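This report concerns only the one structure given below.
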């Protein structure tokens, strides 16, 4: 039987963009690969803008393909929201931590969110149709960034949503 190995950690990463310097600090319990551990706390400090988000969602950190944009989920007062390019988005009951995705050309951005028991995709700041579920890891842009698709569930049926149109 393998012994669970956990350790406290403080990891600081400095990410520099053209206008913003961001310091990312992970604190909490981490574990060895393949072992479970408690959730890691994420503190994001945007030094050049004077903003601090102590309730960051570690699994949500994402950088655009051109390395010029940065997004992450955050928690405040029990509500979750996405911070994109230093700007806070709308508050939701939940954010799909692993759902934050940039298009290949870095111009578009999407993520999954939850409100009132229903889930939906927020694409370029616009909330989409409400569903019972959205497939984890299914949000995807086409290589030319013109099309967007994801898997959804409604009434026990699974289908693909392509450019806002539900497939059969």
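Numbering (our numbering), first residue to last: 187 to 354.
Note that CB positions come from ideal geometry on N, CA and C, so glycine has one too.
Being a predicted model, the structure only gives us computed values, none of them experimental.
Query	Result
Would residue 255 and residue 295 be called neighbours here (beta carbons separated by less than 9 Å)?	yes
Give me the Cα-Cα distance between residue 297 and residue 330, rounded to the nearest whole angstrom.	19 Å
From which residue to which residue does the beta strand (DSSP E) around residue 301 run?	295-301
Below 8 Å CB to CB, which residues in the same chain sit around residue 321 once its five sequence neighbours on both sides are set aside?	336, 337, 338, 339 and 344
The beta strand (DSSP E) that contains residue 338, what's its start and end?	334-340
Could you pull the start and end residues of the beta strand (DSSP E) that residue 283 belongs to?	Looking at the DSSP string, residue 283 is not in any beta strand (DSSP E), and its letter there is neither H nor E.
Do residue 283 and residue 259 count as a contact pair if the criterion is CB distance below 9 Å?	yes
With 16 other CB atoms within 10 Å as the buried threshold, where does residue 328 fall?	exposed
Going by DSSP in three states, residue 262 sits in which element: helix, strand or coil?	strand
Where do the N-terminal and C-terminal ends of the beta strand (DSSP E) with residue 348 fall, by residue?	343-348
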